[in-house]
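S.K.:
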Amino acid sequence: MAHSGYIPISYWQLLLSVILVLITGMISALLGLGLIKSLLWGTLRAFIQLTLIGYILTYIFKLNTLLVIIPLVLLQCYIASREATRRITKAPHNPAIASFISLTASTVIVGLIVVVVIIGPHPWYNAQVMIPIFGMIMGNSMNAIALSLDRLYSEVHSHLERVEQMLAFGASPWESIVEYLRKSVTAGMLPTINGLMIVGIVSLPGMMTGQILAGMSPALAVRYQFVVMVMIAAATAIGCLAIVGLSYYRMFTPDGALVDSMRQI
Amino acid sequence: MNSLLIFENLRRHFEGEQGRYVMESGALEAGGILVLKGPSGAGKSTLLRTLARLVPPQGGEVHLQGRDWFSFPFTEWRCLVQYVPQKPVVFSGSLIDNLMIPFTLNSLQGKVSFDRNRAEALLKQLDIPPHLFNQTAATLSGGEAARMALVRAMLIDPEILLLDEPTAYLDGENRSRAMELIGEWVKAKHERGAIIVSHNDEDLESLPGVSILNITAREEE
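Line by line, the protein sequences give chains A and B. Per the numbering used here, the very first residue in the first sequence carries number 33; after that it's consecutive. Per the numbering used here, the very first residue in the second sequence carries number 473; after that it's consecutive.
Laid out in structure tokens, this is it:
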């Protein structure tokens with residue numbers, strides 16, 4: 033078991049982790065939180081889902097073909113984009129398509145830069161590199177898009193009178209809401225920018241921790257982590273810009289007035 | 473007919489109410505004032521907002537000096553036909569900053585520029601004292617903000633002002649000052665006019681060239 037400090041978890045050891053579930057369950061029982069059923073179901077689901085994805089990834093890594101990687105990435109983008117717009121209720125139009133385009137564009141653009149230009153594996157579409165990298169970008173971009181879109185609609189809704197007044201002055205739709213567009217892109221990007229500030233001081237990111245546990249030297253792991261952080265920043269910037277750019281004009285009629293549904297919500 | 477603005481069977485439904493709508497025809501003469509009268513909920517504001525192209529019409533035609541309204545880009549139309557809502561809209565910054573906002577927009581670039589002297593003259597005429605000029609606009613009273621909004625609309629130099637109860641927030645003396653200014657403004661240049669929603673008949677007595685249009689809401693069968 034002495035290959036470069038990596039200690040695998042055996043099935044027996046895995047079983048020991050039940051102790052942790054028991055602790056959680058006891059706290060729930062003690063305080064009458066009524067969480068035991070969810071806890072057991074959640075634990076079971078997590079175990080099954082992770083086991084499955086473990087086998088699937090092993091299989092995909094072995095196949096290592098774009099014919100599988102591309103559909104997989106698109107499917108993930110589709111699911112993530114649905115998740116990003118699930119709680120958006122104030123949109124005058126269904127934002128699902130715009131969300132999918134923004135998420136896919138930001139993931140693919142930034143992902144290819146990271147994988148092909150920076151990491152440069154052989155072949156360039158190495159699934160073992162691409163899938164985790166694209167997944168990380170996607171998850172962060174998804175959250176940023178959701179934040180951005182939510183902020184966009186709530187800003188415009190709470191400033192409808194100002195928006196209409198700007199239009200009455202002769203403003204273009206863009207001019208009438210540019211202030212709120214800026215705020216919503218900022219809202220989407222801020223968590224990532226803040227993350228850049230505190231990383232390594234307050235938090236050790238999960239990816240870096242994982243690499244260290246897997247036996248990589250911390251000095252090398254931080255290089256990966258740095259690339260990941262700036263990659264996420266770029267992806268959120270692209271994702272937020274795209275979602276705002278694709279969504280704002282749908283609040284207006286072709287004649288540059290607010291659509292009726294914007295005023296009625 | 474050489475009317476400045478003509479609207480025919482201009483129709484628009486009420487916000488959020490199915491089946492109720494306003495449909496009116498009327499004409500505004502150059503140098504004239506058209507007063508929209510009618511009980512509240514008759515659709516006077518809706519008609520004004522439709523004329524400003526801030527809500528899409530559902531039918532009818534509008535001509536400005538004989539030219540179809542949709543032949544104007546919407547940004548140009550709204551500069552020419554300047555709508556002032558009843559509740560004055562105040563932006564961040566000082567009172568003067570608020571007056572300058574329209575001049576930051578593309579559609580006014582190269583056409584009208586901000587004239588500080590004229591702005592101050594108009595404000596004084598409406599009895600806004602100079603110490604308010606640099607005050608944060610959000611702290612202005614309703615009446616002060618309403619007068620600021622009227623001045624702001626005039627500075628854009630439109631052909632037509634669409635005023636939704638411009639005196640609603642004003643007391644007696646300021647009310648007649650505002651009406652007097654509107655009357656002067658309309659006459660000061662050729663090809664100007666105003667359409668005013670008003671409940672106060674005495675406001676209008678002082679104004680020359682006033683015609684009245686009674687508005688009633690309609691129901692679909």
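Every residue, glycine too, gets a C-beta built ideally from N, C-alpha and C. None of the values given here were measured: they were computed from a predicted structure.
#1: Using the beta-carbon count (16 or more within 10 Å), is residue 35 of chain A buried or exposed?
#2: Can you check whether the C-beta of residue 546 of chain B is within less than 7 Å of a C-beta belonging to chain A?
#3: Can you round the beta-carbon distance between residue 525 of chain B and residue 289 of chain A to whole angstroms, since I take them to be within the 8 Å contact cut?
#4: Please list, in chain order, the chain A residues whose beta carbon lies closer than 9 Å to that of residue 578 of chain B.
#5: Closer than 8 Å is the cut-off here; do at least three beta carbon pairs connect the region 549 to 557 of chain B with the region 519 to 539 of chain B?
#6: Report the rounded CA-to-CA distance for residue 583 of chain B versus residue 590 of chain B, giving the unit in angstroms.
#7: Going by C-alpha to C-alpha distance, which of A:272, A:226, A:124, A:190 sits closest to residue 133 of chain A?
#8: For residue 209 of chain A, which residues of its own chain have a beta-carbon under 7 Å away from its beta-carbon, when the five flanking residues on both sides are left out?
#9: Can you grab the Cα-Cα spacing for the pair residue 57 of chain A / residue 80 of chain A, in whole Å?
#10: The region 114 to 128 of chain A: which residues have C-beta closer than 8 Å to a C-beta of chain B, in chain order?
#11: By the DSSP assignment, the beta strand (DSSP E) with residue 506 of chain B in it spans what residues?
#12: Could one say the Cβ of residue 526 of chain B lies closer than 7 Å to chain A's Cβ atoms, at least one of them?
#13: When we look at the beta-carbon of residue 636 of chain B and count the other beta-carbons within 10 Å, is it buried (16 or more) or exposed?
#14: Tell me whether residue 474 of chain B is buried or exposed, calling it buried when 16 or more other Cβ atoms sit within 10 Å of its Cβ.
#15: On the DSSP letters alone, give me the boundaries of the alpha helix (DSSP H) that residue 626 of chain B sits inside.
#16: Would you identify the three-state DSSP class for residue 664 of chain B, choosing helix, strand or coil?
#17: Can the beta-carbon of residue 567 of chain B be found closer than 7 Å to that of residue 609 of chain B?
#18: Please work out which residues of its chain come closer than 6 Å, Cβ to Cβ, to residue 558 of chain B, disregarding the five sequence neighbours upstream and downstream, and give them in chain order.
#19: Where does the unbroken alpha helix (DSSP H) through residue 115 of chain A begin, and where does it stop?
#20: Cα-Cα, which of A:177, A:240, A:266 is closest to residue 255 of chain A?
#21: Pull up the CB-CB distance for residue 492 of chain B and residue 529 of chain B, whole angstroms please, since I reckon it's below 8 Å.
#22: Can you find the residues in the same chain that come closer than 8 Å, C-beta to C-beta, to residue 119 of chain A, ignoring five residues on each side of it along the sequence?
#23: Per DSSP, which one or two residues make a beta bridge with residue 686 of chain B?
#24: Taking only beta-carbon positions, decide if residue 282 of chain A is within less than 7 Å of chain B.
#25: Please report the residue range of the beta strand (DSSP E) in which residue 479 of chain B lies.
#26: In terms of residues, what are the limits of the beta strand (DSSP E) holding residue 554 of chain B?
#27: Does any residue of chain B bring its CB to less than 7 Å from the CB of residue 182 of chain A?
#28: Who pairs with residue 493 of chain B in a beta bridge, going by DSSP?
#29: Please give me, in chain order, every unbroken run of the alpha helix (DSSP H) with length at least 4 that falls completely inside the region 205 to 271 of chain A.
#30: Determine, for residue 50 of chain A, whether the minimum Cβ-Cβ distance to residues of chain B falls below 7 Å.
#31: When burial is assigned at 16 or more other CB atoms within 10 Å of the CB, is residue 611 of chain B buried or exposed?
#32: Quick check on residue 564 of chain B: does DSSP put it in helix, strand or coil?
#33: Rank B:520, B:666, B:652, B:627 by C-alpha distance to the C-alpha of residue 599 of chain B and give the top, closest one.
#34: Can you grab the Cα-Cα spacing for the pair residue 162 of chain A / residue 112 of chain A, in whole Å?
#35: I'd like to know if residue 550 of chain B contacts chain A, where contact means its C-beta is closer than 7 Å to some C-beta of that chain.
M.R.: In brief:
#1: Because residue 35 of chain A carries a pLDDT of 49, less than 50, the predicted location of this residue cannot be relied on, and no value is offered for it.
#2: yes
#3: 6 Å
#4: 202, 203, 204, 207
#5: yes
#6: 16 Å
#7: A:272
#8: 188, 195, 280
#9: 19 Å
#10: none
#11: 505 to 509
#12: yes
#13: buried
#14: exposed
#15: 614 to 627
#16: coil
#17: yes
#18: 636, 637, 640
#19: 98 to 117
#20: A:240
#21: 15 Å between Cβ atoms; not a contact.
#22: 178, 182
#23: B:509
#24: no
#25: 477 to 485
#26: 553 to 556
#27: no
#28: B:485, B:690
#29: 205 to 230, 238 to 245
#30: no
#31: exposed
#32: coil
#33: B:652
#34: 17 Å
#35: yes
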